[in-house]
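Taking it in order: structure first as structure tokens, then the write-up.
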Amino acid sequence: MDRQLTLMVVHAHPDDECLSTGGVLARYAEEGIRTVLVTCTNGEQGDGPGGVKPGDPGHDPAAVAERRLGELRESAGHLAVDHLELLGYQDSGMDGWHTNHHTEAFANVPVEKAAARLGELMEHYRPQVVVTYDETGGGGYGHPDHVQAHRITEAAVEATGIPDKFYYTAIPRAAMRRMFEMMRASGMDLGDFQPSDDFGTPDERVTTVVDISPYVERKLKALRAHESQGENIFLLRMPEETQQQAFSHEAFERRLCKVDAPAQEDDLFAGLRP
Ligand SMILES: [Zn+2]
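Per the numbering used here: the sequence shown = residues -16 to 257.
Written as structure tokens, this is what we have:
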């Protein structure tokens, strides 16, 4: 019997699944590959109704979590995710927030403890391909929960030895620059926002670029499902044509490959297909 091909992506918060992996989730599901989305936290440090910020009066972390997990289910539906697994940890908040110090915050959970839970999911689903963030939490993002997701995934991959291929999501610097040029050219007002030179993934680290252009619409639908965080998702304000161009590819850095696959590839499952 052929092995069921399985993709597992590990993300920190509800909504993180969309931008860096929404296209590959949708594409591989359509190809008949089983997809598993693991979301580590409940996102309770996100915006509340009406854009109420965490720590401000009226911000109710439990209500925010409930709403965001509902949005996550809707998003996963648009991306045809087969299995959504919630680790249920507490959102640590952005780097420097006082919530970083909560003992229950995901970033403070001992790595081996959380990695053991993720390892059980790997044992259960036996994914050939696993994806998470790089050591900076993704192209220099630095959010403590993203860095922690990276740590526990590294540990679980190593402990179980299950995946044949292991990847970090990548935001190639060249593609970033092109995207900002496109946004400016389309007349978007970006103020004086300018990505710093060290934002994004150094281009030479990118090994894998997957064409997801037929799935841009679904990726955007998934992103829109996270309505409560809409204020942060400025990308949705881009003109449609620019979105189509900006989102047509997803990039990755391959960290482990036990099969025969080209050094530069256009498919996470290169070398794994029958
Ligand atoms: Zn996040």
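Backbone N, C-alpha and C fix where the C-beta goes; we use that ideal spot for every residue, glycine too.
Distance from the CA of Arg10 to the CA of His129, rounded to the nearest whole angstrom, comes to 24 Å.
Proximity of the beta carbon of Ala(-5) to ligand 1 is indicated: a heavy atom of the ligand is located closer than 6 Å. According to the DSSP assignment, Glu210 belongs to no beta strand (DSSP E), since it is labelled neither H nor E.
Secondary structure at Pro155: strand, using DSSP grouped into helix, strand and coil. According to DSSP, residue pairing for Ala88 in a beta bridge involves Gln73. Contact check for Gly79 against Gly122 fails: the beta carbons are separated by 7 Å or more. Relative to the non-hydrogen atoms of ligand 1, the Cβ of Asp78 never comes closer than 6 Å to any of them. When DSSP states are grouped into helix, strand and coil, Asp194 belongs to the strand group. As summarised for the segment 119 to 187, the continuous alpha helix (DSSP H) elements at least 4 residues long and confined to that stretch are 127 to 143 and 156 to 168, given in chain order. As computed with DSSP, Met(-9) is found in a beta bridge with Val19 and Val113. For Arg237, the closest C-alpha among the options Gly29, Cys1, Pro146 and Thr86 is that of Pro146. Distance from the CA of Lys148 to the CA of Asp65, rounded to the nearest whole angstrom, comes to 20 Å. A distance below 7 Å separates the beta carbons of Asp186 and Ala157. CA-CA distance, Ala97 to Gln28, rounds to 20 Å.
With a threshold of 16 other beta carbon atoms within 10 Å, Thr86 falls short and is exposed. From the listed residues Gln228, Ala208, Ile195 and Gly213, the smallest Cα separation to Asp249 is found for Ile195. Here His107 is exposed. Its C-beta has fewer than 16 other C-beta atoms within 10 Å. 7 Å or more divides the Cβ of Pro178 from the Cβ of Met(-9).
Residue state for Val64 is assigned as coil, using DSSP reduced to three classes. Look at Glu27 here: in three-state DSSP terms it is coil, with no helix or strand label.
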